[in-house]
Amino acid sequence: MSRITEFLQQARDEKAFSGAAYAIGNSDGITEQGTVGTLFWDGPSVQLDSIWDLASVTKPIAVLPLMVMLERGECYLEDVIAHFLPDYKDTNKANLTLRQLLAHTSGIPGQQPLYQTSPTKEELLAAVRNLPLRYAPDTDVEYSSQGFMILGEIIETIAGDSLDAVLQQLVLEPIGMSQTLFNPCAHLHSRIAATEYCEWRGTTVIGEVHDENAVVLGGIAGHAGLFSTAGDMSKLCQAMLRLGETAEGRFLQPETVRLMTNNQTSSLKLARGLGWQAKDRHDSPAGDLFSMSSYGHTGFTGTSIWMDPEDDVFAVLLTNRVHPTRTSTAIKRIRSIFHNLAFLSVRS
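For the sequence shown, my numbering begins at 2 and goes up steadily by one.
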């Protein structure tokens, strides 16, 4: 048993999650992968092809089409919301830019349980439009799922198609991510890790997005909703470390990958790229050894991916830490130690 598997098994024994899958490697491929535990307590064993609710790891993936559109000349980072979405024309968000939305510097507040008072997609999107701004744009960083809901709408408007179809065409197919999708079909549910017992839904959630706002949006949104495997996440990490190059060709230019992944908020309290988390100097989920040029994202369900272009390392960790409840906070420490172990394993 590898040191990583041993560590994750210990975390499982301490009830941090019922199961986990991981993959680590570099731009050439996976150097180590493994699984521990079960898809739910007393359920079937986790397999390498088990499927996980990515939660907010959806965010940087869902906005990759926007970078393709930027390369095509269909948008640029200082375009404002109202340019694409007329319903925003007379709101306090009309002149917020794509850059501000992507870097979480728009002032739109996060952590908004809009589903509680907005039971339909139309009502929830209207509630997003009507949110007050928490601060003046570009003066602070506040993680905002609501901003990524808007980005999902903008991508659909530019493409004239649904977000899932656009993502499939521009990102998932070029990278070869055949196991990544919104709203997995019922025949896949036996491969999917359980998340939380949801009082709102009256059941333990398996195969439906955990995020309640995303449920109201039909399971397809810019902030949450994707499901995937450790293998597919590894393909994404390799493509990013190769600066957009895939086995099939290229899905982004190197300059665009660098633009997305560089720290855009160095003068503010939290480090953010465009869609991606950059590495904060202290208390980063990437742990202690990944370089300051590394980037990635975490998800509320217990998921994370992290890449280091300086040292050519990636690490994928997919767990169901919200099963059966979201009360445990052990994943914070687990992620940091996992990333330290992953870095040393790949670099050794």
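Beta carbons are placed, not taken as given, at the ideal position from N, Cα and C, and that holds for glycine.
If you're wondering where the values come from, they're calculated on a predicted model, not measured in any experiment.
- DSSP assignment within the stretch 104-148 yields the following whole alpha helix (DSSP H) runs of 4 residues or more, N-terminal first: 122-130.
- With contacts defined as CB atoms closer than 8 Å, Leu269 and Val142 qualify as a contacting pair.
- By alpha-carbon distance to Ser163, the top candidate from Ser28, Gly219 and Thr181 is Gly219.
- Residue state for His324 is assigned as coil, using DSSP reduced to three classes.
- Taking a C-beta distance under 8 Å as the contact criterion, Ser57 and Ala225 qualify as a contact pair.
- The stretch 207-277 is shown to contain whole beta strand (DSSP E) runs of 3 or more residues at 227-229, in chain order.
- When Ala331, Pro310 and Gly274 are compared, the shortest CA-CA separation from His298 is found for Gly274.
- Look at Ser46 here: in three-state DSSP terms it is strand.
- Scanning its chain for C-beta atoms nearer than 7 Å, with the 5 sequence neighbours on each side dropped, one finds around Ala287 the residues Lys280, Ser295, Gly297, Trp307 and His340, in chain order.
- A straight-line Cα-Cα distance of about 42 Å links Ala127 and Glu311.
- In this structure, the CA atom of Glu256 is about 47 Å from the CA atom of Gly203.
- Rounded to whole angstroms, Glu75 and Thr205 show a C-alpha spacing of 42 Å.
- Annotation for Ala24: no alpha helix (DSSP H) segment contains it, though the beta strand (DSSP E) segment containing it runs Gly20 to Asn27.
- Rounded to whole angstroms, the Cβ separation of Pro120 and Val217 is 7 Å, and the two are in contact under 8 Å.
- Rounded to the nearest whole angstrom, the CA to CA distance from Arg4 to Glu209 is 33 Å.
- Residues of the same chain with a CB within less than 6 Å of the CB of Pro175, apart from the 5 flanking positions on each side, are Thr247, Glu249 and Phe252 in chain order.
- Looking at the DSSP output, Ser305 sits in a beta bridge with Thr299 and Leu318.
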